[in-house]
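Peer 1: The following block contains the structure, expressed as structure tokens.
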Ligand SMILES: [Zn+2]
């Protein structure tokens, strides 16, 4: 089996925890390796693979923790189109369709005072969006499959866990520490 090249391995990302283990952000592996080099972080989880250069080899960090506590006040997930799609699992909130063009729908239409908020914006397929038009779901005869809520930060990070980042799970309360 061929070793993947450095450049492939380094396409992944690392979970960054604050000094108190609160999930803080997700960064590129290159950034994570830099943070290890400047001694800003401790490595909590690492991959089997190594990253090599002519002068060093190190195992690739997967979960890192800041050595000193970072004060921050942006504990809220930023309201963006991408984050709404993530929250809604890329599913139409009305019919559950996952394929095709997905749009962002204002539940209460903007023309009628609907705001740009987590509670008023949902993922909708283009046909549901077109059918709903400038009406409320009730008026259009559409039912929301679930009430849209503001995601919390932990929930936000959980969306990025996949087969390559399964060692993040204990740090995001997705399973017990072993
Ligand atoms: Zn739909």
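In the working numbering, the protein residues as written are 2 to 179. The beta carbon of each residue, even a glycine, is placed where N, CA and C say it ideally should be.
1. Any heavy atom of ligand 1 inside 7 angstroms of the beta-carbon of residue 185?
2. When you compare the region 125 to 140 with the region 97 to 113, are there three or more beta-carbon pairs, one atom per stretch, that lie closer than 8 angstroms?
3. Provide the residue(s) that pair with residue 18 in DSSP beta bridges, ordered along the chain.
4. Could you give the C-beta distance for residue 69 and residue 166, rounded to a whole number, given that I count them as a contact under 8 angstroms?
5. Would you kindly check if the distance between the Cβ of residue 24 and the Cβ of residue 18 is under 8 angstroms?
6. Is residue 67 closer than 8 angstroms to residue 117 when the C-beta atoms are compared?
7. Considering only residues of the region 67 to 137, which uninterrupted beta strand (DSSP E) runs meet the minimum length of 3 residues and lie entirely inside it, listed in chain order?
8. Check whether the Cβ atoms of residue 86 and residue 102 lie closer than 8 angstroms to each other.
9. Which residue's Cα is closest to the Cα of residue 12: 32, 159 and 20?
10. Go through its chain and collect everything with a Cβ distance to residue 58's Cβ below 8 angstroms, but skip five positions before and after it.
Peer 2: Walking through what the data contain:
1. Residue numbering for the chain in the displayed model covers 2 to 179; residue 185 lies beyond these limits and cannot be assessed.
2. yes
3. 24 and 66
4. Between residue 69 and residue 166, the beta carbon gap of about 25 angstroms keeps them out of contact (Cβ cut-off 8 angstroms).
5. yes
6. no
7. 103 to 107 and 122 to 126
8. no
9. 32
10. Once the five neighbours on either side are set aside, the close Cβ partners of residue 58 are 51 and 52.
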